[in-house]
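According to this note's numbering, the sequence shown is numbered sequentially starting from 1.
Positions of the beta carbon are idealized from the N, C-alpha and C atoms, including for glycine.
None of these values were measured; they are calculated from a predicted model.
Heads up, the thing below is written out as structure tokens.
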Amino acid sequence: MTKAVGIDFGQSSIHVTHVLQGKRELGFEVVGYDTIQLELDELGRPLSGATLKALQALKARGSLEGDTHVVGLSGEDITIKQLTFPYRDEKKIEQTIAFELADQISFDIEDVVYSWKLTHVQLLDDGAERATVDVAVVKKEAIENVLSVCHAVELEPRLIEPSSTVLSHLYQTLSRHHISTPPIESGEAPAVLMLDIGATTSDVCLLGSRRILAAHTIRRGGRDMTMAIAKALGRSFIEVERQKSQHAFIEVADRLGSIPEEKVTSDAIKGALDPLVKRLRQIVHKAHRTHHVNIERLILTGGGSRVHNLEHYLQAELNVHVEPFKELRSWLSMVAPAAQTVADAEAQGYFPQAAQSVAYAVSGLGLDNHFPTFNLRQGDYAWKGSLEFMRERAPALGLWLLSLFVLFMGIGITKNRVLVKRHEDAKAQFQTLCQNITGAPDLSPQTCLDSLREKIDGTTGFQFPRTSAVDIYLDVAKAVPEDKEGEKRKVKEIVISQENFRLKGTVEQVELVESIFNNLNQVRCLTELEKDKTRKLADGYEFAISAKIDCLAKPGDIEYETVGSKPPPRARSAKASPKRPERKSVKKPALTKRTKPRKSLREKKNIADLKNRMPYEDDVNSKSGPPSGPRRPGDDVKSKLKAIRNPMIGSALTPDIISNPALVDMPEGDEEETEEVDEEVDAEDPSEEAADGDKGEEE
């Protein structure tokens with residue numbers, strides 16, 4: 001944020017205000033204020049060199065530090081003129097304004113500095129435009145005097161403004177609520193008159209709607225009132241000046257003095273202000289007659305305005321509502337020095353002497369678009385910003401950059417040559433070592449490395465582990481046991497990178513940290529485990545464990561795959577693989593003869609021989625033809641058994657089958673039982689099988 005510093009060079013004191021640009025309603029904030037009294041003679045005039053000495057004291061306090069500095073010139077040295085042009089083109093105005101101005105000033109145009117701004121454009125009936133331009137003119141000598149004092153304390157002001165017009169920034173920015181809106185019964189536009197009573201002069205600024213209507217400087221101020229009081233009371237100027245802010249009093253109709261001294265003081269002040277009051281009446285009448293505005297109120301500022309009842313006196317004399325600018329107190333009461341707070345805040349409730357310094361600082365921020373700024377730093381005295389500074393020093397800066405470029409180029413070429421030489425030496429040394437080891441000359445580095453790797457581990461390619469971050473994560477998850485009652489644990493963070501591992505969590509008991517650490521120490525690929533300091537929490541303990549990831553140093557059950565060669569066998573873990581559970585045979589209950597008679601071993605043997613010897617002829621005499629669809633081994637046996645039971649296809653039976661009456665007399669459904677018996681052969685008791693065999697022989 002920009003920090004602007006406004007400096008008001010008064011005839012009896014210097015006031016400095018610091019304003020910081022911000023995002024508040026007004027767009028700024030007063031962050032500092034300081035003032036210093038000048039050394040005066042017996043008549044209240046500053047001594048030679050008093051201004052420079054006061055500036056040096058302010059600089060020593062640090063009161064002059066800021067980004068933008070704005071100073072002012074007294075209205076005694078400045079003349080403000082109004083010029084009219086039959087066009088509004090600003091380029092044309094810039095080219096012709098010097099000729100127009102030369103006819104209206106009494107000295108040579110070459111000896112002055114002027115600043116102008118377009119204030120009003122009027123559209124005529126014929127469609128043409130007429131522009132009104134305000135011009136501030138000052139002698140070069142006055143500019144040189146101000147800059148010489150500033151340069152003596154290494155101060156470079158960016159703006160130099162007239163003291164009579166700077167009040168417009170203060171009013172427009174800080175007091176927009178003072179201007180009322182039309183309509184007015186007289187039909188005139190509203191206007192505001194600002195009066196700043198200084199030590200030797202008083203600045204008057206007439207403000208209309210969005211522009212300055214008039215600006216004047218009157219040679220009458222607080223010093224004239226002090227001298228009049230001192231003469232009336234017979235006291236010294238210095239004694240009266242010290243007591244004026246507290247005892248200066250002026251009588252009005254309903255506020256009369258209570259002691260004779262107040263009556264004498266009031267008459268002296270009225271006599272001193274009489275020229276000022278007459279000039280103010282002329283300005284008010286001219287505003288009605290020339291500018292066609294109605295002055296709603298007069299805003300009173302300046303150190304000379306601290307006279308008691310002054311606003312009531314001016315209101316009665318001018319027939320205009322007069323009020324002090326009390327809003328200054330809210331901005332300066334927190335940053336003003338203690339002496340100023342006691343002298344001014346308690347006596348008047350505001351700081352009228354700081355009005356112009358605040359206005360200069362606000363002008364430096366550039367917040368006021370309705371009232372353009374007069375900047376008297378023009379021509380040879382123009383402020384040299386960053387662009388002008390670079391232009392003046394462009395040749396020297398270009399030479400310096402060229403020298404720097406040549407220097408860096410030389411350094412780069414030298415480093416490149418050194419690195420090339422080192423690379424060649426390293427390559428020659430590598431080839432020599434390769435030839436000594438392999439015995440083959442002129443091998444490329446990659447070929448040499450492949451040859452060495454093949455001789456060392458029998459591979460010619462590269463190897464990569466089959467362990468990933470997911471594998472490590474699963475192993476870590478196993479190492480951190482699940483929660484148990486009274487042993488709650490929580491993992492808050494786990495980081496697995498290419499080379500590092502970190503685990504952070506909380507436990508209910510501190511002993512669990514050591515248990516988790518020991519478990520992680522058994523995890524593959526985790527080496528150099530370190531345990532951070534355990535921190536006590538409200539509901540447990542917080543721990544952190546870090547480690548290095550090196551699967552080659554701690555492989556565990558890692559396997560490698562070699563590109564271009566046969567992979568080595570997988571390393572088995574120490575844990576034995578679980579045995580396959582033995583199959584238990586369940587003995588089925590024996591069948592009775594009435595349900596499914598048991599068959600002998602001979603019958604089973606005949607059935608097995610039938611499967612091997614019988615040709616596929618079950619459907620030779622079938623009218624429907626061979627069955628559709630794929631054949632299964634069980635279909636042959638089933639079809640042969642059906643042929644035995646069917647006399648229509650008895651010609652398909654072999655002699656072995658006909659000679660066996662047991663097969664011919666087999667009841668229906670035995671083919672299914674045969675398959676069940678085949679499955680239960682291993683589960684039958686041998687003794688029972690022998691008995692069945694004897695029974696079959698008898699039959």
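Query raised in the report: Is the beta carbon of V113 less than 7 Å from the beta carbon of I80?
Result: no
Report task. Check whether the Cβ atoms of L332 and A354 sit closer than 7 Å, and answer yes or no. Result -> Using a Cβ distance threshold of 7 Å, L332 and A354 count as a contacting pair.
Requested in this report: Measure the C-alpha to C-alpha separation of A394 and A98 and round it to an integer number of angstroms.
Outcome: 32 Å
Requested in this report: Measure the beta-carbon distance from K504 to K492 and round it to whole angstroms, keeping in mind my assumption that it falls under 8 Å.
Outcome: 5 Å
Query raised in the report: Which residue comes first and which comes last in the alpha helix (DSSP H) that contains I97?
Result: E90 to A102
Query raised in the report: For Y114, which three-state DSSP category applies?
Result: strand
Query raised in the report: Does any residue of chain C bring its CB to less than 7 Å from the CB of A359?
Result: No chain C is present in this structure, which holds just one protein chain.
Query raised in the report: Cβ atoms of T84 and S164: under 7 Å apart, would you say?
Result: no
**Report entry** Same chain, Cβ closer than 7 Å to D77, five either side skipped, listed in chain order
**Finding:** Around D77: V138, K139 and A142.
Query raised in the report: Under three-state DSSP, which class holds S565?
Result: Only weak support exists for where S565 lies, its pLDDT of 38 falling under 50; the value from the coordinates is given anyway. S565 falls in the coil class under three-state DSSP.
Query raised in the report: Would you call the stretch 289 to 301 and the stretch 217 to 229 in contact, with 3 or more CB pairs under 8 Å?
Result: no
**Report entry** Same chain, Cβ closer than 7 Å to Q509, neighbours up to 5 away in sequence not counted
**Finding:** E487
Query - For G32, the first and last residue of its enclosing beta strand (DSSP E) - result: F28 to Q37 is the span of the beta strand (DSSP E), which, as asked, contains G32.
Report task. Excluding the 5 residues preceding and the 5 following N521 in the sequence, name in chain order all residues of the same chain whose CB lies nearer than 6 Å to its CB. Result -> L529
Query - Helix, strand or coil at D77 [DSSP, three-state] - result: helix
Requested in this report: May I ask you to report which of helix, strand or coil DSSP gives M334?
Outcome: coil
Requested in this report: Check each candidate in T200, G198 and C205 and name the one with the smallest Cα separation from V192.
Outcome: C205
Query raised in the report: What are the partner residues of N294, as DSSP defines its beta bridges?
Result: P190
Query raised in the report: Which two residues bound the contiguous alpha helix (DSSP H) that contains K278?
Result: Counting along the chain, K278 sits inside the alpha helix (DSSP H) bounded by residues P260 to K286.
Requested in this report: Buried or exposed for I545, please, with buried defined as at least 16 other CB atoms from any protein chain shown within 10 angstroms of its CB.
Outcome: buried
Query raised in the report: For I14, which option in G22, M1, S63 and P445 has the closest C-alpha, if you only look at C-alpha atoms?
Result: Of G22, M1, S63 and P445, the residue nearest in Cα terms is S63.
Query raised in the report: When the Cβ atoms of the stretch 239 to 258 are set against those of the stretch 303 to 314, are three or more pairs found closer than 8 Å?
Result: yes
Query raised in the report: Does the separation of the CB atoms of G221 and G127 fall below 7 Å?
Result: no
Requested in this report: Name the one or two DSSP bridge partners that G208 has.
Outcome: R211
Query raised in the report: Are the beta-carbon atoms of A4 and T51 separated by less than 7 Å?
Result: no
Query raised in the report: When you compare only the Cα positions, how much space is there between V523 and K490?
Result: 19 Å
Query raised in the report: From which residue to which residue does the alpha helix (DSSP H) around D224 run?
Result: G222 to L233
Query raised in the report: Just reading off the beta strand (DSSP E) that A131 is part of, what are its end residues?
Result: Here the beta strand (DSSP E) through A131 covers E129 to K139.
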